[in-house]
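In the UniProt record's numbering, the protein residues as written are 1 to 497.
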């Protein structure tokens, strides 16, 4: 993975730039000492690291606007960052770029119960929205595994998902308004304070959601709130084979049942979690499905019996359903601890997130087993089975020469296989730098060029988060050039104004 070469001229101006930015945000909120900058070297994917030129922590939209204006004037790159939980290198710093950390913009500005929306600053942790809405019987449904610390601004940048997104939708389905700062310094406001506020507008909210910080810095978000379900119960279903578990996933969705969540864990994950929780699973279990059903109590009871029948037909060897909230939380605990438990089993691990059609789950899992043998690396699986969003956990030792390269190649081959099976490179983690060089496997050159034209419309100097998403530079200066050949322009008969 290669990033653009740092501009040594910009690095040489670090002190002067720091002084100008301190005049905007305050002396203590610009970090230029190497020891202060070092903790920001990476985001959630630790394999890629770089020490930022400066770390700047603004406290308002006005300060962000002023910081961007100075950086544009000086030709300095900007990398936006929330809590740094990105798993694709989306917030990887640049040695000649300012890391713009938004964690101080952490206010819940308004909770509008009548319109069922919340207006929040970009640095608010995801979980705090639901905590603030709970007294009113409401919640914010998108729930990435990092929701305790990941910010809503970062969720918007990556279009984050989560367990409950199978039924309730991704971040993009819950954003009704945005405030953002363009690299030009212009502050734009899209949508509004109620559901449907953006109807009739050009869908710029949809464009910015998932744009990974390449187009603008989102500073405020208005999100849709939904009523808390009357009740929720989770089923734990054990299977003697991965194939039986995959068949059950297809049967549940095929029967028209849309669970609130439908998660898959293989035996390696179960063993890792068991060592933490001191809970044992049936030794015959090769895979476990967790299926959460919500709604009215009567509705849930009926759905549990339907799912139980489908699981039995698929060969389930053990089926349990929670009866109390405490039981529900206990069953979910294994899923929530999965990645930290795996982290205790191995020196390092690399997790990616391709997405495939549900009916190809057995095929992609077989392909992972082949790749494990090819690269000589172990792996585990814990993923959102209901929407085919995979999270293969590839285990390696960074201290062993060549291991990281093998892990990256293993992950890249899994992602290529996802695309070849009719899927996509990412389900919720984003492209960042991790999948950047694989974009040509999913998109044709014309597709990528059109995406780059859009990037150039927002950021013609290519100062916002450069080196991410696109496998080659945008070269914005080349777009829109008038080509003349043989003394004539193309299509000379078309009137030009």
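Using N, Cα and C, we set each Cβ at its ideal position, and we do this for glycine too.
- With contacts defined by Cβ atoms closer than 9 Å, residue 433 and residue 439 do not form a contacting pair.
- The shortest C-alpha to C-alpha distance from residue 60 to any of 398, 123 and 314 is the one to 123.
- In this chain, residue 164 is not harboured by any beta strand (DSSP E), its DSSP state being neither H nor E.
- Under DSSP, no beta-bridge partner is assigned to residue 367.
- With 16 or more neighbouring CB atoms inside 10 Å of its own CB, residue 179 falls in the buried class.
- The C-alpha of residue 87 is placed about 5 Å away from the C-alpha of residue 44.
- Residue 474 and residue 456 have their C-alpha atoms roughly 7 Å apart.
- Spanning the alpha carbons of residue 254 and residue 174 requires a straight line of approximately 26 Å.
- In the three-state reduction of the DSSP assignment, residue 396 falls in the strand class, which pools E and B.
- The Cβ atoms of residue 226 and residue 138 lie closer than 9 Å to each other.
- Distance from residue 29 to residue 57 at the Cβ level is roughly 4 Å; contact confirmed, criterion being Cβ atoms closer than 8 Å.
- By the C-beta criterion, the segment 336-353 is judged to be in contact with the segment 371-383, since at least 3 inter-stretch pairs fall below 8 Å.
- DSSP links residue 222 through a beta bridge to 119 and 177.
- Considering only 91, 63 and 5, the residue with the shortest C-alpha distance to residue 39 is 91.
- In the three-state DSSP reduction, residue 446 falls in the helix class (H, G or I).
- In its chain, beyond the 5 residues on either side, 185 have a beta carbon closer than 7 Å to the beta carbon of residue 69.
- For residue 320, no alpha helix (DSSP H) encloses it; the enclosing beta strand (DSSP E) starts and ends at 316-321.
- Under the rule that a run must span 3 or more residues, the beta strand (DSSP E) segments found entirely inside the segment 222-285 read 231-239 and 261-266.
- Residue 181 holds the alpha-carbon nearest to the alpha-carbon of residue 217 among 237, 210 and 181.
- The beta carbon of residue 465 lies closer than 6 Å to those of 79, 213 and 214 in the same chain, with the five residues before and after it left out.
- Secondary structure of residue 57 (DSSP, three-state): coil.
- Three or more pairs of CB atoms, one per stretch, sit closer than 8 Å, so the segment 149-169 contacts the segment 249-264.
- Counting along the chain, residue 294 sits inside the beta strand (DSSP E) bounded by residues 287-295.
- Collapsing the DSSP output to three states places residue 104 in coil.
- The alpha carbon of residue 269 has as its nearest neighbour, out of 195, 288 and 65, the alpha carbon of 288.
- Going by DSSP, residue 411 is part of the alpha helix (DSSP H) stretching over 403-420.
- Residue 385 is classed as buried because its beta carbon has at least 16 other beta carbons within 10 Å across all chains shown.
- Distance between residue 391 and residue 13, taken at the CA atoms: about 42 Å.
- Note on geometry: alpha-carbon atoms of residue 271 and residue 428 lie some 26 Å from one another.
- Closest by C-alpha distance to residue 26, out of 16, 8 and 63, is 63.
- For residue 125, the secondary structure class from DSSP, reduced to helix, strand or coil, is strand.
- In the displayed model, residue 441 falls within a helix according to three-state DSSP.
- Contact between residue 280 and residue 286 is absent: CB atoms are separated by about 15 Å, not below the 8 Å threshold.
- Residue 468 sits close to residue 436, with the two beta carbons spaced by under 9 Å.
- For residue 339, the uninterrupted alpha helix (DSSP H) segment begins and ends at 338-345.
- The Cβ atoms of residue 356 and residue 388 sit closer than 9 Å to each other.
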